[in-house]
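In what follows, a structure is listed as structure tokens, so that the remarks can point back to it.
There are 2 protein chains.
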Amino acid sequence: MRDILMGVSRAGMKESGDPDLLVVLLPRTCHASFLFTDNHFRSGSVIYSQKAFRRRSSLRAFVVNSGNANCGTGEEGVRHARMMAEKVGEVLGVDPEDVLVFSTGVIGKPLPLDRVLEAIKKACSDLKPLDLEEASRVIGTTDSFPKFTSLKKGSLEVFGFAKGAGMISPSMATMLAFVFTNAKADPETLRDIHREVCDRTFNSITVDNCKSTNDSFGVIALGEVDADREDLRSALEEVSLSLAKKIVEDGEGATRVIKVTVRNASMVAKAREIARAVAGSLLVKTAVYGRDPNWGRILAAAGSTEFPVDPFKVRVFIGGHLLYDGKPRPEAEDRARSHMKEEREVEIVVDLGEGKESWTYYSSDLGYEYIRVNAEYRT
Amino acid sequence: MRDILMGVSRAGMKESGDPDLLVVLLPRTCHASFLFTDNHFRSGSVIYSQKAFRRRSSLRAFVVNSGNANCGTGEEGVRHARMMAEKVGEVLGVDPEDVLVFSTGVIGKPLPLDRVLEAIKKACSDLKPLDLEEASRVIGTTDSFPKFTSLKKGSLEVFGFAKGAGMISPSMATMLAFVFTNAKADPETLRDIHREVCDRTFNSITVDNCKSTNDSFGVIALGEVDADREDLRSALEEVSLSLAKKIVEDGEGATRVIKVTVRNASMVAKAREIARAVAGSLLVKTAVYGRDPNWGRILAAAGSTEFPVDPFKVRVFIGGHLLYDGKPRPEAEDRARSHMKEEREVEIVVDLGEGKESWTYYSSDLGYEYIRVNAEYRT
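Next up, the structure:
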């Protein structure tokens with residue numbers, strides 16, 4: 004981490020006047036893997052970085068501006084992103100093709116380009132070692148706390164920072180995460196591991212089922228130590244899951260994290276799709292907000308996908324308490340309700356009793372505060 | 004309508020003590036078409052009626068109980084439905100195989116079978132001409148107003164009644180609709196028309212994207228007059244759309260109906276899927292609740308499906324006011340906001356500018372009342 008440098012400055016894009024521009028400089032050009040939103044309506048910065056990254060699969064530096072998504076402003080969005088990359092390249096003396104650009108914030112407002120370029124110059128002229136907490140604060144928008152994690156296993160190090168308050172608001176175009184490792188990894192291995200990890204972490208959280216226009220998740224390999232593939236995968240998953248769960252915890256108006264596990268399914272795809280349906284169900288989310296162990300809503304969501312579920316065989320648990328096993332178990336409702344009242348993380352298990360596969364999704368409950376934030380956001 | 008009889012009674016399943024049991028007797032065995040929920044977790048009454056109807060494609064009578072979904076109570080649910088059909092057959096002197104059974108209400112509570120059978124006997128012994136308004140009230144649960152419509156075009160008559168407050172709550176297992184026509188129609192034609200009509204009406208409304216365990220929609224042809232296929236289709240669509248829109252209007256906590264039209268798409272499937280994504284977006288629904296002409300959220304939802312959308316070509320209108328055509332049109336925001344404040348029905352149009360196909364979805368806005376009703380429902 005000591006070799007990674009960062010620079011911070013202000014371009015006046017946040018109403019608070021807090022720092023809103025971050026430049027990160029790697030010690031050398033590094034292998035990396037990036038995954039971007041698959042929304043067809045995407046930020047000019049995403050369009051630019053996706054194209055730039057595809058040419059090289061490596062990078063030397065990146066810049067993030069916060070408070071403005073550089074999205075929905077027409078074709079100039081892509082041009083502005085390129086100018087930001089060129090400015091970073093020019094001031095730091097690195098190849099601009101090795102610089103990626105990320106933006107997050109309000110959609111549809113033109114980027115204040117002159118101020119942004121000026122802020123880039125300033126950030127690049129005052130570099131210091133990467134501070135994960137500060138980096139997360141700079142890129143944060145509606146986040147109520149900074150999101151960062153680090154992990155050390157023997158000589159292997161993995162660390163990262165992120166922003167995103169519950170993938171909530173495409174008007175605050177939402178989730179960015181950057182994870183670093185000191186491991187060596189060739190681009191193909193890195194890409195494969197990255198996809199696996201992303202599926203089990205950032206692709207398995209949901210706050211309101213809305214896909215942002217700016218979501219980006221990168222893994223950067225500094226290439227300093229050798230690491231076993233499985234060790235690297237598991238460390239990346241641990242750090243990424245920790246960051247992803249922080250985003251759910253920070254979901255707007257959330258009072259509970261909901262952990263939904265579908266287990267003993269015949270196929271991974273089935274476990275995943277049913278977990279997604281339960282975790283994304285508004286009725287399940289409002290029931291958790293009301294501390295109501297409403298297994299009927301859980302089953303109705305579990306049964307709503309294309310995958311058949313046998314209602315006479317499936318079992319539903321909340322906090323380990325069996326509420327339904329082909330018929331209701333009302334005697335467990337009080338204990339399940341206590342679990343929902345007492346724990347910050349509510350555990351829902353749907354056991355299909357037909358195979359060995361499982362999947363876990365993380366979600367948050369849905370309360371009045373979500374409506375307040377999202378109905379009144381722009382006014 | 005004069006020839007259709009109904010009987011009404013009480014089995015004590017509604018807390019209010021209002022009538023909760025309806026029997027409808029047709030003048031003869033009639034061709035019909037029924038569509039049921041495709042949720043794998045479904046009511047015993049749906050399982051029973053689906054199987055019974057598949058054998059015959061016709062019916063003579065049906066019974067609806069309200070206040071109890073007969074769902075999630077184990078295998079006895081199917082047996083109870085059969086006993087209800089047999090009781091109707093016995094008391095009315097019709098073949099029980101020609102009797103269908105529908106239930107709506109709370110999930111997971113055993114049906115009070117003795118009281119229900121007694122109520123069936125009572126309802127069947129005091130028949131009177133079908134009254135659409137009263138029938139809708141009897142089968143209603145959280146509905147705040149009765150839902151019925153009738154239409155006459157020359158000699159062709161189409162009329163129906165429904166219940167459902169916004170498809171909202173699988174714990175109040177939700178939507179039932181029965182539409183009658185005096186037209187003659189063979190079973191195959193009726194089924195084809197029914198599917199087309201259902202796609203454009205009940206399958207194009209959404210309140211919270213949740214699929215109920217009890218949803219059923221039937222069309223019954225009394226077979227008295229000849230009718231042109233297209234006339235019949237269009238009259239059935241008009242009546243069904245009117246009923247479907249009443250369900251959206253009655254969506255819990257709804258203050259606005261949202262009409263989302265995707266037009267000039269290259270394919271019907273694309274128009275439909277994008278309309279569904281926009282109409283179902285929590286962020287669009289909360290923005291409408293806040294009277295915020297937030298085209299960014301509309302575009303983010305439109306771009307979130309698998310179908311490509313060109314962000315530089317698509318146009319977004321609210322209330323006819325152009326808000327985005329490849330770039331923002333901020334000058335129209337005030338007029339769009341006025342439309343949202345003044346009209347009960349907010350019109351959103353997404354024009355893809357690439358073809359000739361279109362689709363319309365109806366949705367409702369999402370406010371505090373939805374949370375209150377759904378978080379506190381069972382407590």
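Protein chains in written order, with my numbering: chain A, 4 to 382; chain B, 4 to 382.
Note that beta-carbon positions come from the ideal geometry of N, C-alpha and C, so glycine has one too.
Can you pull the chain B residues whose beta carbon is under 7 Å from the beta carbon of V312 of chain A, in chain order?
H43 and F44
Please specify which runs of the alpha helix (DSSP H), each continuous and at least 4 residues long, are wholly inside the region 186-253 of chain A, giving them in chain order.
190-203 and 232-252
Given that Y371 of chain A touches chain B, what residues does it touch there, using C-beta distances under 9 Å?
Y371, I374, R375 and A378
Would you say G356 of chain A lies against chain B (beta-carbon separation less than 8 Å)?
no
Output needed for E199 of chain A: all residues of its chain with C-beta closer than 7 Å, excluding positions within five of it in sequence on either side, in chain order.
R236
Does P173 of chain B get closer than 8 Å to chain A when you measure Cβ to Cβ?
At P173 of chain B the pLDDT is 42, less than 50, meaning the model places this residue with poor confidence; the figure from the coordinates comes in the next sentence. Yes, contact with chain A.
Local conformation of K112 of chain A per DSSP, three classes:
coil
Inside the region 54-86 of chain A only - beta strand (DSSP E) runs reaching at least 3 residues:
61-71
Taking S139 of chain A as part of the alpha helix (DSSP H), name the residues at either end of that continuous run.
L135 to I142
Exposure of R294 of chain A, with buried meaning 16 or more beta-carbon neighbours within 10 Å
buried
Where do the N-terminal and C-terminal ends of the alpha helix (DSSP H) with K288 of chain A fall, by residue?
L285 to Y292
Decide if the region 256-272 of chain A is in contact with the region 348-366 of chain A; the criterion is three or more beta carbon pairs, one per stretch, under 8 Å apart.
yes
Selection of the region 245-269 of chain A by Cβ proximity to chain B, strictly under 7 Å:
none
Should the region 249-263 of chain A be regarded as contacting the region 219-228 of chain A, the criterion being three or more beta carbon pairs within less than 8 Å?
no
From the DSSP output, in three-state form, read off K359 of chain A for me.
coil
Return the CA-CA distance between E350 of chain B and D313 of chain A, expressed in angstroms with no decimal places.
41 Å
State the start and end residues of the unbroken alpha helix (DSSP H) segment that holds L302 of chain A.
W298 to A305
To which residues of the same chain is F44 of chain B closer than 8 Å at the C-beta, ignoring the five residues directly before and after it?
C74, G75 and T216
Closer than 9 Å at the beta carbon, the chain B residues around F315 of chain A
G77 and E78
Cβ-based neighbour list, F164 of chain B, same chain, cut-off 7 Å, excluding 5 preceding and 5 following
L135, A138, S139, K150, F151 and F181
Smallest Cα separation from L25 of chain B: which of B:D328, B:T32 and B:V104?
B:V104
Please list the terminal residues of the continuous beta strand (DSSP E) segment that includes H34 of chain B.
L24 to F39
Alpha carbon to alpha carbon, how far is P113 of chain B from A88 of chain B? Give it in angstroms, no decimals.
17 Å
Contacts of I110 of chain A in chain B (Cβ-Cβ under 7 Å):
G299
Tell me, to the nearest whole angstrom, how far the beta carbon of E37 of chain A is from that of D218 of chain A; I am working on the premise that it is less than 8 Å.
Note that residue 37 of chain A is Phe in the sequence shown, not Glu. Going by Cβ atoms, the distance from F37 of chain A to D218 of chain A rounds to 11 Å, so no, they are not a contact pair.
Taking only three categories from DSSP, how would you classify H324 of chain B?
strand
Distance cutoff 8 Å, beta carbons only. Does M170 of chain A sit that close to anything in chain B?
Residue placement at M170 of chain A is flagged as unreliable, the pLDDT there being 47, under the threshold of 50; the coordinate-derived value follows with that caveat. False, the Cβ-Cβ gap to chain B never drops below 8 Å.
Take S284 of chain B and list the residues in its own chain whose beta-carbon comes closer than 6 Å to its own, dropping the five residues that flank it on each side.
A304
CB A122 of chain B to CB D146 of chain B, shorter than 8 Å?
no
For chain B, check one thing: does any of its Cβ atoms lie closer than 8 Å to the Cβ of Y364 of chain A?
no
Nearest-angstrom beta carbon gap, P115 of chain B and G10 of chain B [assumed within contact, 8 Å]:
In fact, because the Cβ distance is near 19 Å, the residues do not count as touching under 8 Å.
Which term fits G243 of chain A, buried or exposed, when burial requires 16 or more other beta carbons within 10 angstroms of its beta carbon?
The sequence given here places Ser at residue 243 of chain A; Gly does not occur at that position. S243 of chain A should be labelled buried.
Name the DSSP bridge partner or partners of K262 of chain A?
A:E350 and A:Y365
Which one or two residues does DSSP pair with F154 of chain A in a beta bridge?
This sequence places Leu at residue 154 of chain A; Phe is not what is there. Answer by DSSP bridge pairing, in chain order: A:V161.
Is the closest heavy atom of the ligand MG to the C-beta of M178 of chain B under 7 Å?
Absence of the ligand MG is noted for the structure shown, with no ligands found whatsoever.
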